[in-house]
Structures are given as structure tokens and as C-alpha cells.
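Using the numbering used here, you'd call the opening residue of the sequence shown number 51 and step up by one each time.
These notes are about the structure you will find just below.
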Amino acid sequence: MKLYYPVIFLKEDDGRYLVSFSDVPEAITCGNDFENIDVKETVVKIELNLTGLYEKN
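Structure follows, in C-alpha cells:
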């Protein structure tokens, strides 16, 4: 099963990018430029967060 999460790319005043997910607020990452955003790291954070929520319930 594939799950989809909306992602927000916010360009900061200093040129860096902040990446967040409204559905998983704990999953946040950033990059010095758009090409260097570590999306894989963020996906791992989402997976860990959802696994933790599942195990709690």
C-alpha cells in the first residue's frame, strides 16, 4: 500500500529550504539549496513516526 503526504517546501530569507509535512509535523528537514534537501532522511522520519504511533495503539 502506498501512502501520500503533502509536502511544503519553504524558501527562507537566507536562501535555505525548509521541508515539512502537515500530516507528520515531527518530520522536518532542510537544505542549503533545493538540490541538497535530504528527502530520504525525511521519509525515514515519517516511517519511524508512523511506526511509533502504530505501536502505541
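Quick reminder that beta carbons are idealized off the backbone N, C-alpha and C, glycines included.
Query, Result
"Taking its Cβ as the centre, do 16 or more other Cβ atoms sit within 10 Å of residue 59, making it buried, or is it exposed?", "exposed"
"Quick check for students: name the residue ranges of the beta strand (DSSP E) that lie wholly in the segment 73 to 99, counting only runs of 3 or more.", "78 to 81"
"Thinking just about the alpha-carbon of each residue, which of 65, 85, 63, 99 is nearest to the one in residue 78?", "99"
"What does a CB cutoff of less than 7 Å around residue 95 pick up in its chain, not counting 5 residues either side in sequence?", "76, 77"
"Identify the residues that DSSP records as bridge partners of residue 68: which are they?", "60, 80"
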